[in-house]
Amino acid sequence: MTSYSPSSTASTTNQSDICLSLENVGISYGSNEAVRNVFMDIPRGQVTAFIGPSGCGKSTVLRALNRMNDLIEGCTLKGRVLFDGQDLYARNVDPVEVRRRIGMVFQKPNPFPKSIYENIAFGARINGYKGDMDELVERSLRKAAIWDETKDKLKESGCALSGGQQQRLCIARTVAVEPEVILMDEPCSALDPISTLKIEEMMHELKKSYTIVIVTHNMQQAVRVSDMTGFFNVQSKADVEGKVGCLEEFAPTEQIFNAPSQQATQDYVSGRFG
Amino acid sequence: MNGTSAGAFQRSSLTFRPQLARNRWNAVFTGLAGLATATAVLPLVLVLVYVLIKGGSLISFSLLTQLPPAPGLEGGGIGNAIVGTLLVTAIAALIAIPVGVGGGIYLAEYSSNGSFASFVRFGTNVLAGVPSIICGVFVYGLIVSTRIFFGQSYSAMAGGIALAVLMIPTVIKTTDEGLKLVPQDLRLGALGVGATKMVTITQITLPAAFSPIATGIMLGIARAAGETAPLIFTALFSPFWPEGVFNPIATMSVLIYNFAIMPYQAQISLAWAASFVLVLMILAANILARWLSHLARA
Amino acid sequence: MSLDSGPDLFTLRRRPASDKLADRSFRWLSVALASLVGLVLLGILLTVISGSRPAIAAYGLAFLTTSNWDPVGDQYGALTAIYGTIVTSALSLLIAVPLGVGTAIFLTENIIPAKLRNTFALMVELLAAIPSVVLGLWAIFVLEPFLRPFLGFLYTSLGWLPIFSTDPQGPGMAPAILILVVMILPIITAIARDSLMQVPPELRQAAYGIGTTRWGAILQVILPAAVSGIAGGVMLALGRAMGETMAVTMIIGNSNNFSWSLLAPGNTISSMLANQFGEADGNQVSALMYAALVLMVLTLLVNVLAQWVVRRLSLKYT
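Keeping their order, the protein sequence lines are chains Z, D and V. Adding 1 to a residue's 1-based position in the first sequence gives its number in the numbering used here. Adding 34 to a residue's 1-based position in the second sequence gives its number in the numbering used here. Adding 278 to a residue's 1-based position in the third sequence gives its number in the numbering used here.
Here it is in structure tokens:
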């Protein structure tokens, strides 16, 4: 598995369909254990949703997928996260390279305090883009369904847009560097319903070319956009004080919401707790 | 299977390659920043080491309790300068604390951001930027040359006032900022049970903001204790024990300045010894202030 | 328990007049104390302006452009001190800004563990607490002797440049510049560090999220976002450097003979004041006041410029 080459992963159809694979992942902040024992195979070219109550570690797991947790001091990971069969946490892996191939959209829209055009071009440039920048900016903004609103004011600050527009700009910025995977951390939680709808529509388009992993608080959203759903829960463990997050169930979305195999999942999706 | 990898971006393996330009630049910049930090910390270490070695070795009971020797003679001490520094700093604190806290209370509690308040804020900033030697010139013109205190010219009082002028902006700012950190609910709560504004401020908000204000004042006092420029021609210097607040007085900082450029070894040694005592006092005050604010936060 | 607690339980239902009076006096007291700031500032201005009037009348603007400072002949020109003030503060800033900003970055980004970072940050802050006069003493007996061979080398190898054209013989502008660097470095570092820490974490994440390296994020996103605060700190440091007196006075040599050379002894306005004001009389006092006025105008300009720069550079965040 360590001697990775693109052709070897395609040896079996089953394996090539797996984009990200979590093997017994546990994450701690200092001495605080946030989540443990996560096993999960995230399929390629589909939308995977993470749902669960607050504090269950779903965002933590998401951020582990492109090593954003490296930025948090004292955050450690046990187990393995395999991307196309390669361990992202191996000693010789460059986290910068990881983030270029696994992009991220954050909970709070965070455009750079630069022009709309520069917001897109910045990432492309540092990723060594050699092509026509104007064309790339337009293509990315179109993909994020924000071209019509911004085409006449590309020189204006990205921070002057509304919240929903800012978030779509951030998605365009992520799409512009052509990652293979896009991680979305509650991308709609700060937005109004209309902006939310626009972003959901866009995700249906995006999943044709990208693998998407989304954390959401909104179960309807998970039903609307995702193919697979992972339900995270908090459990009391005998060996630690307080509660630790874990992956309760991971299955096709339809199954999670209609016929879950776990009682806790049933309780959560039917709104009995959480 | 992977439609996007055929795009305009070159895909490379995930392996960290130190020879990449971006990783090389990263290492270069990190090295430069580390070097800058080392350079910034180095003078503190060097100065402290020298002051500890050259000054600390001289410290004795007689040095702390005797008067400086006449030029050319050996021995002697810095007793009068230690007393003088404490006295002048105390005068400065006694003036600057009420004025500064009062001004800070006005800014934080009474001013409604009108033109007078913004004038006071602007004035505070400008006063904080006035070179300390100019404060000395001001007090010289106001007090020393006019002999306003019982016909006395140079005096501990004049020195204290000059230091107070330096301290006031610091105290105003820390009081203003400290009071603004007090939650509005606390104020409304007190006013809501019928307390007057004065009672609310003196018994609720000021105590609640005690720690940041005390920290700021402590740091201000520490800084004033080490100031020399405003004292050279206000408090002047005296080779004798203090003779009350309306006479010239010795301070450690002026002693260091005067003795450092004398051609006598005894005086230069005393300058190092005074540096040792002064630095120790000031660092202790700083650490105390930090500990105070840390204590309140915990 | 009865809801009606009766009128006699509260004896103070009606506020006594003294209560109102105390409240009002307290307010006016605070206003009076606050206006003291204005009074002091006015007093400083009046003292300096009225003190300098005879000199302004006698020497006019030529005071600023001549370097003949002659108490015996009663002729005064402050060019040496003005040149010294501007050159020492500008050059010390030139050295201290990269060092200070570099240090601030090193102590905010997670390059080394937090414990170590905070220790270093504390040390830099404590450096600011060391009295100027102690640094001056150290400069006389440690820094300057240590530096002299290096400065001598500058003279022998680059002596054809006007700024290195004299043989270093002890105190001079160069050691004064270095001691100023030591004094303003903590200011720049502290303010730059504050500004960097105030950059919203979302912005940092955004940069890392699209795959910048650490220094890509710092140089292209984080520093530009913090630049207004840093620029404000730099201007503050410039003001401090121009007004700094003791350490400079002790090491600059206090010579009123004009020289372009950084290796020669020189003077600054504040060190001239420290040196001569106490023993001056007659026109010399007025000439010194005139110099003090020039210093005040310079620092005031820097302060105003600082506020303008900060407003100009500050970026808008949502």
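Ideal Cβ positions, reconstructed from N, Cα and C, are used throughout, including at glycine.
Pull up the distance between the alpha-carbon of residue i and that of residue j, whole angstroms please.
| i | j | result |
| --- | --- | --- |
| L323 (chain V) | C169 (chain D) | 11 Å |
| T3 (chain Z) | D88 (chain Z) | Because T3 (chain Z) sits at a pLDDT of 41, beneath the cut-off of 50, its placement in the model cannot be relied upon, and the point is left open. |
| K214 (chain D) | V379 (chain V) | 29 Å |
| R96 (chain D) | N114 (chain D) | Correcting the residue identity first, residue 96 (chain D) is Ser in this sequence and not Arg. The straight-line gap from Cα to Cα measures roughly 12 Å. |
| L128 (chain D) | G134 (chain D) | 10 Å |
| D336 (chain Z) | K209 (chain Z) | Residue 336 (chain Z) is absent from the model: chain Z starts at 2 and stops at 275. |
| T347 (chain V) | V587 (chain V) | Checking the sequence shown, residue 347 (chain V) turns out to be Trp, not Thr. Distance between the alpha carbons of W347 (chain V) and V587 (chain V): 36 Å. |
| M411 (chain V) | G80 (chain Z) | Correcting the residue identity first, residue 411 (chain V) is Val in this sequence and not Met. Straight-line Cα distance between these residues: approximately 58 Å. |
| S39 (chain D) | R492 (chain V) | Bear in mind that the predicted position of S39 (chain D) carries a pLDDT of just 40, short of 50, making it unreliable; the figure below should be weighed with that in mind. When rounded, the distance between both Cα atoms is 25 Å. |
| N57 (chain D) | F63 (chain D) | 10 Å |
| V365 (chain V) | W538 (chain V) | 10 Å |
| S271 (chain Z) | L23 (chain Z) | 27 Å |
| L405 (chain V) | L458 (chain V) | 12 Å |
| Y595 (chain V) | Y90 (chain Z) | Confidence is the limiting factor: at Y595 (chain V) the pLDDT is only 42, short of 50, which leaves the residue's position unreliable, though a coordinate-based value still follows. One C-alpha to the other measures close to 34 Å. |
| L69 (chain D) | P77 (chain D) | 13 Å |
| S367 (chain V) | L456 (chain V) | 10 Å |
| I547 (chain V) | V580 (chain V) | 16 Å |
| D472 (chain V) | F419 (chain V) | 35 Å |
| P52 (chain D) | D95 (chain Z) | 9 Å |
What are the boundary residues of the alpha helix (DSSP H) that includes residue i?
| i | result |
| --- | --- |
| F398 (chain V) | A392 to A407 |
| C169 (chain D) | S166 to V173 |
| N553 (chain V) | I547 to Q554 |
| P423 (chain V) | E422 to L436 |
| S149 (chain D) | S149 to G163 |
| V352 (chain D) | Absent from the structure is residue 352 (chain D), since the part of chain D shown begins at 35 and ends at 332. |
| Q267 (chain Z) | Q264 to V270 |
| S564 (chain V) | N561 to L591 |
| R410 (chain V) | According to the sequence provided, residue 410 (chain V) is Ser. The question's Arg does not apply to it. Here the alpha helix (DSSP H) through S410 (chain V) covers S410 to W416. |
The beta strand (DSSP E) spanning residue i covers which residue range?
| i | result |
| --- | --- |
| S237 (chain Z) | M229 to S237 |
| D186 (chain Z) | V182 to D186 |
| L248 (chain Z) | K244 to P253 |
| G104 (chain Z) | I103 to V106 |
| T212 (chain Z) | T212 to V216 |
Does the beta-carbon of residue i have 16 or more other beta-carbons within 10 angstroms, so that it is buried, or is it exposed?
| i | result |
| --- | --- |
| N70 (chain Z) | buried |
| Q168 (chain Z) | buried |
| V227 (chain D) | exposed |
| L265 (chain D) | buried |
| G138 (chain D) | buried |
| D85 (chain Z) | buried |
| G448 (chain V) | exposed |
| T467 (chain V) | buried |
| M252 (chain D) | buried |
| Q166 (chain Z) | buried |
| W275 (chain D) | exposed |
| K144 (chain Z) | buried |
| G531 (chain V) | buried |
| A74 (chain D) | buried |
| E557 (chain V) | exposed |
| Q236 (chain Z) | exposed |
| A382 (chain V) | buried |
Does any CB atom of chain A fall closer than 8 Å to the CB of residue i?
| i | result |
| --- | --- |
| T49 (chain D) | Of the protein chains in this structure, namely Z, D and V, none is chain A. |
Open item on the list: Closer than 7 Å between beta carbons: that is the criterion. Which residues of the stretch 47-68 of chain Z meet it against chain D?
Closed with: none
Task: 3 or more residues per run - each beta strand (DSSP E) lying fully within the stretch 24-97 of chain Z - done: 33-44, 48-52 and 76-84
Open item on the list: Which runs of the alpha helix (DSSP H) at least 4 residues long sit entirely within the stretch 470-525 of chain V? Give them in chain order.
Closed with: 479-487, 492-495 and 501-521
Task: Residues within the stretch 379-392 of chain V neighbouring chain Z, beta-carbon criterion of under 7 Å - done: N388 and A392
- [ ] Let me know the alpha helix (DSSP H) ranges lying completely inside the stretch 232-300 of chain D, each 4 residues or longer, listed in chain order.
- [x] 244-260 and 286-294
Task: Minimum length 4: unbroken alpha helix (DSSP H) runs contained in the stretch 121-203 of chain Z - done: 134-144, 148-151 and 164-177
Task: Contact set between the stretch 529-541 of chain V and chain D, restricted to residues whose Cβ is under 7 Å from the partner - done: none
Open item on the list: At a CB distance below 9 Å, what residues from the stretch 485-512 of chain V approach chain Z? Give them in sequence order.
Closed with: A485, Y486, G487, I488, G489, T490, T491, R492, G494, Q498, V499, P502 and A503
- [ ] Run through the stretch 305-369 of chain V for me and flag every whole alpha helix (DSSP H) of 4 or more residues, listed as ranges in chain order.
- [x] 340-343
TODO: Name, going along the chain, the residues of the stretch 90-113 of chain Z whose beta-carbon falls closer than 7 Å to a beta-carbon of chain V.
DONE: V97, R100, R101, G104, M105, F107, K109, N111 and F113
- [ ] Taking a Cβ distance cut-off of 7 Å, strictly less, list which residues of the stretch 211-241 of chain D are near chain V, in chain order.
- [x] T230, K231 and M232
TODO: Report the residues of the stretch 226-257 of chain Z with a CB closer than 8 Å to any CB of chain D, ordered along the chain.
DONE: none
Task: 4-residue-minimum alpha helix (DSSP H) runs that sit fully inside the stretch 44-117 of chain D, ordered along the chain - done: 55-84 and 95-99
Task: Residues, ordered as in the chain, of the stretch 473-485 of chain V that lie near chain Z by beta-carbon distance below 8 Å - done: P478, E480, L481, R482, Q483, A484 and A485
Open item on the list: Short of 9 Å Cβ to Cβ, which residues in the stretch 125-151 of chain D face chain V?
Closed with: P132, V133, G134, V135, G136, G137, G138, I139, Y140, L141, E143, Y144, S145, F150 and A151
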